[in-house]
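These notes are about the structure you will find just below.
Protein chains: 2
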Amino acid sequence: MELNERMKTILAAVVHRYFTTAEPVSSAIIAQKYHLNSSTATIRHEMYLLEKNDYLWQPHTSSGRIPTDKGYRFYVDNLMIKNYLQEKEKREIIQIYKKSKEFEKAMKITSQLLSKLTDNIGVVLSPIIYNNIVKNIQFVSLGNNRILTVIVTDAGLVCQKIINVSGEINKDRLNYLSNFINSKLAEKDIDITNLNNILLDELEKVISLQEKFSYIYKFLEECFDISYSENKVYLDGRINLMKHPEFKETDKLNYILSLIEEENVLATTIRGYLGFGKTIIIIGKEGKLKEIQNCSLVTSEYSIKGKSAGAIGILGPTRMDYPRMISITEYISDKLSEILSEF
Amino acid sequence: MELNERMKTILAAVVHRYFTTAEPVSSAIIAQKYHLNSSTATIRHEMYLLEKNDYLWQPHTSSGRIPTDKGYRFYVDNLMIKNYLQEKEKREIIQIYKKSKEFEKAMKITSQLLSKLTDNIGVVLSPIIYNNIVKNIQFVSLGNNRILTVIVTDAGLVCQKIINVSGEINKDRLNYLSNFINSKLAEKDIDITNLNNILLDELEKVISLQEKFSYIYKFLEECFDISYSENKVYLDGRINLMKHPEFKETDKLNYILSLIEEENVLATTIRGYLGFGKTIIIIGKEGKLKEIQNCSLVTSEYSIKGKSAGAIGILGPTRMDYPRMISITEYISDKLSEILSEF
DNA sequence: GTTAGCACTCTCCATATGAGAGTGCTAATA
DNA sequence: TATTAGCACTCTCATATGGAGAGTGCTAAC
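As they're listed, the protein sequences go chains A and B.
Going by the working numbering, the first sequence opens with residue 97, and the numbers climb by one from there.
Going by the working numbering, the second sequence opens with residue 97, and the numbers climb by one from there.
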C-alpha cells in the first residue's frame, strides 16, 4: 500500500513525538502539536490504516501508537530530514580531538565522544590492517630472549608484538635478518596477510638448514603471524542505556549488557556490515543479534589515507533521534579518518 | 562493650545468612540453621544488644537484622574463617592464565577472572614503574618523522611511546644518541622518574648548542617524560552488580556505575591503599568515595620480581562472601605476580 | 540467665475502585 | 466520498483496603 501525504506526515509525527516523550502517541497530540488540518477522528482513521499496514502498533487497544521497525525504516529511508551539526558542536569535537596525539587515545576519545553526544553506547573498531602494505619491519631486542617486533604499514599503522624466543639470537644475525626482510619489502609490495607466505619463502633461501629447524625460524613465523591485527573494540557509555525508559527493567538491561560485555560479538556484527556503504542503519529486528532486537545500530566507516580501515557506531534503543545520530556518527567518522591519516 | 561468645556466634551467623539470602535474618532462622542451644527469645535479646552496639540494624521494627559496616568489620577482623580455594579451582585459574603470553592479555584475563569467580566487578591496575631501574632505551624510526621509543626496565617492563618529531633526525645521530644514553644507563642505576634529570644533564655535554635549542632536544625531553607509566585500569563484570538484589533499583546502580565509568577515580582510590599491606578490605562507608558506600572493596597487591608493582581487586555490595573474595583476590594476585615476573 | 507466650508492628499481596486517556464506531455533514 | 462530532467502551494507573504472615518486644514464670 502506497502511503498518502497525510499518512506520511502522521507517521513522521508519531516517530518524532515518540522519540521525544517515549510515550505512545495519541491522535489528539498529533492534531495539537503537529498542525494537521484534520480532526482527531480523521487522524485516528489514518493511524488505523498505518497500523493495519504494520507501520505502527498499539501496546493495547485504547492506547496511543508506537512506530514499528518497519515504521522507523520508512521514516529513515523516506521521511527524515537530514540534520547538520552546528558549527559550535563541530568546533568542540575538533577541540577534544586535539588531545589525541596517540593512536589508542584517539580510539578512546572517539568512543567517548560518540557516547556523550548521543547518550547511547559508543563503539569503535580498531583499524584492520589486512589490506595494508608492509613498509618496514624492525626487531628490538629486550633482553631475556624477548624481541619486540614492530611493523609499519603504508597507511602509517604501527603494530607491535613482543615475542619470547626459546634461545638467544645473535645481534648481528638479527640485524642481518631484518635488513634482508626490509630489502625484500622494498622490492615488492607485500600486504600483511601475505607476510608469512612470501617472506618465509625468501628467507629459506638465506638461512641455514640448522636454523630452519631451530627456534629462529619459529621466531620468524611468529613475527609474520597476522594475529597482530587484533580486533580491538572500544566501548563507552554503557550506563547511558539506563537513561532510556525502555531499559528501566533490570532484566532487559541485563540482557543487552551481557552482549555488550562480549565485546567481540558486537565487533564481528559491525564488521559484517562493512563495505555496504558509508553509513549503515540497522533497526531493531533487522539485525541478527537477538539481544539487541529493540535497539538500533548506526555505523559509519572510517578510512586511513583513503583506505577503508574500520567502523564506528552507536547503539541505542530503536526510539532514537535518527537524523542526529547519523550526523554525529558521520561527522565523527570523518574527523577520525583525518586524524588517523595524519598520524 | 566486649562481645561474649554467643554474641560472636550470632553475629557470624547473621553475616553468613544475610550474605546467602540477602534477606534480613530472624532469630528463628538462626536458632534453626545455626544450632545455637538457645531459644529464639534469647537470641532475640542478644541481637537487641548487638543492635544497640551498632553491629546490626533493622530496616524496620519487627523485621530481621542486617549487619552494619561495623558488624562486617568485626566479622572480617575477628570471626571469619579463612577460605582456601579448591585445588580444582586453582588448576582452572592456572589453565586460563596459560593463554596469556602477552602483557595486555594477562591484565585483561585477570580482570575477567576476578569478575567471573566473584560475581562482582574485577579491577586490575597496570603496574607502576616509578621504582623501576631503566636498563635500556631504544629508538625505532617509523618514517614520517615519527620515532618509537622503547624503554625496558630491570623488572622486565616494556614501555613504548610514539613521538612525532617536528623535523628529521639523522639516523646516525639517533644511533649515537641511543648508544650514549645506554652507556650512561649501564654506568649507573637510574629509575624512570629520574630519566629527565640525569640523562638530559649528561646529554647536554655531548650535544651542540644548536641541537640544544632544536626539535631534537624537544624529542629527547619527550622521550624521558614519565607519562609512559599511564595508570591503565582494566575493569570487567559491571553487569554482575545487577545480579545483586541491592542494586535492583536502577538509580542505585546508575549511581555506582557512573563512578565505574570514570575508571581513573577508582584507580586512584585503590592506589591510595597501596603499601598498607598485601590485602586491604574497605567496607562500606570506610571508603571515601560516596558512590560506593554500600559496596566493599577487596584489594591485593601484586609484584614483579619481588617489587610491588600494582594492585588488583574486586568491588561488590558490602553483603559479600568475604572469606572467599579474599582468597580469590589473593590467589589471583599471586599468580599474576608469577606471570609478570616470567615475562 | 533463660524461656514460653502473646500482643503488637510492619510488609506484602491480592482485590477493589475510580479517574483519565484514548480508541472505535456510527451517524450526520460538507 | 471524505470528514467529523459524539459517545460508549477499553485499558491503565494510582490509590485505598484488608488480611495473612513474619518477626519482634515485652512480661511473667521457671
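We put the CB at the ideal spot given by N, CA and C, even for glycine.
Assigned secondary structure, residue i (DSSP; H/G/I helix, E/B strand, else coil)
| i | result |
| --- | --- |
| residue 332 of chain B | strand |
| residue 171 of chain B | helix |
| residue 110 of chain A | helix |
| residue 265 of chain A | coil |
| residue 414 of chain B | coil |
| residue 41 of chain B | Past the boundaries of the shown model lies residue 41 of chain B; chain B is included only from 97 to 439, so the question cannot be answered. |
| residue 235 of chain B | strand |
| residue 351 of chain B | helix |
| residue 363 of chain A | helix |
| residue 379 of chain A | strand |
| residue 279 of chain B | helix |
| residue 274 of chain B | helix |
| residue 407 of chain A | strand |
| residue 399 of chain A | strand |
| residue 146 of chain B | helix |
| residue 132 of chain B | coil |
| residue 370 of chain A | coil |
| residue 299 of chain B | helix |
| residue 181 of chain B | coil |
Distance between residue j and residue i (C-alpha atoms, nearest Å)
| i | j | result |
| --- | --- | --- |
| residue 288 of chain B | residue 367 of chain B | 18 Å |
| residue 254 of chain B | residue 236 of chain B | 14 Å |
| residue 208 of chain B | residue 333 of chain B | 7 Å |
| residue 265 of chain B | residue 362 of chain B | 41 Å |
| residue 317 of chain A | residue 263 of chain A | 15 Å |
| residue 313 of chain B | residue 228 of chain A | 33 Å |
| residue 331 of chain A | residue 353 of chain A | 12 Å |
| residue 357 of chain A | residue 257 of chain A | 25 Å |
| residue 141 of chain A | residue 122 of chain A | 12 Å |
| residue 148 of chain A | residue 397 of chain A | 37 Å |
| residue 112 of chain B | residue 189 of chain A | 51 Å |
| residue 261 of chain B | residue 252 of chain A | 15 Å |
| residue 238 of chain B | residue 244 of chain B | 7 Å |
| residue 328 of chain B | residue 291 of chain A | 32 Å |
| residue 425 of chain A | residue 211 of chain A | 10 Å |
| residue 143 of chain A | residue 126 of chain A | 11 Å |
| residue 42 of chain B | residue 230 of chain A | Since the first and last residues shown for chain B are 97 and 439, residue 42 of chain B lies out of range. |
| residue 233 of chain A | residue 248 of chain A | 6 Å |
| residue 301 of chain A | residue 321 of chain A | 20 Å |
| residue 166 of chain B | residue 370 of chain A | 56 Å |
| residue 414 of chain A | residue 377 of chain B | 43 Å |
| residue 124 of chain A | residue 157 of chain A | 16 Å |
| residue 285 of chain A | residue 205 of chain B | 37 Å |
Beta-bridge pairing of residue i - partner residues as DSSP gives them
| i | result |
| --- | --- |
| residue 161 of chain A | A/121 |
| residue 260 of chain A | A/242 |
| residue 287 of chain A | A/229 |
| residue 454 of chain A | The structure shown does not extend to residue 454 of chain A, since chain A is modelled only from 97 through 439, so no value can be given for it. |
| residue 221 of chain A | A/329 |
| residue 249 of chain A | A/230 |
| residue 393 of chain A | A/378 and A/411 |
| residue 152 of chain A | A/163 |
The ligand PLP heavy atom lying under 7 Å from the CB of residue i
| i | result |
| --- | --- |
| residue 369 of chain B | With respect to small molecules bound, the structure shown includes none, and the ligand PLP cannot be examined in it. |
Identify each residue in the region 243-259 of chain B for which the Cβ-Cβ distance to at least one residue of chain A is less than 7 Å, and report them in chain order.
-> 244, 246, 248, 252, 254, 256 and 258
For the region 178-188 of chain A against the region 288-299 of chain A, are there 3 or more C-beta pairs whose distance is under 8 Å?
-> no
Please name the residues in the region 185-213 of chain A whose beta-carbon is closer than 8 Å to at least one beta-carbon of chain B, in chain order.
-> 197, 198 and 199
Given 8 Å as the limit, is there contact between the region 412-419 of chain B and the region 166-177 of chain B, that is, 3 or more CB pairs closer than that?
-> yes
Please list the residues of the region 223-240 of chain B that have a C-beta atom closer than 8 Å to any C-beta atom in chain A, keeping them in chain order.
-> 231, 232, 234, 236, 238, 239 and 240
Do the region 331-348 of chain B and the region 215-231 of chain B meet, that is, are 3 or more Cβ pairs less than 8 Å apart?
-> yes
If you pair each beta-carbon of the region 395-405 of chain A with each one of the region 141-161 of chain A, do three or more pairs fall below 8 Å?
-> no
Could you tell me whether the region 424-432 of chain B touches the region 184-197 of chain B, where touching means 3 or more Cβ pairs closer than 8 Å?
-> yes
Contact between the region 103-112 of chain B and the region 165-175 of chain B (3+ Cβ pairs under 8 Å) | yes
On the three-pair Cβ rule with 8 Å, is the region 373-392 of chain A touching the region 345-352 of chain A?
-> yes
What residues in the region 330-343 of chain A bring their beta carbon closer than 9 Å to a beta carbon of chain B?
-> 332, 333, 334, 335, 338, 339 and 343
Name the residues in the region 352-370 of chain A whose C-beta lies less than 9 Å from a C-beta of chain B; which are they?
-> 353, 354, 356 and 357
Identify each residue in the region 106-127 of chain B for which the Cβ-Cβ distance to at least one residue of chain A is less than 7 Å, and report them in chain order.
-> none
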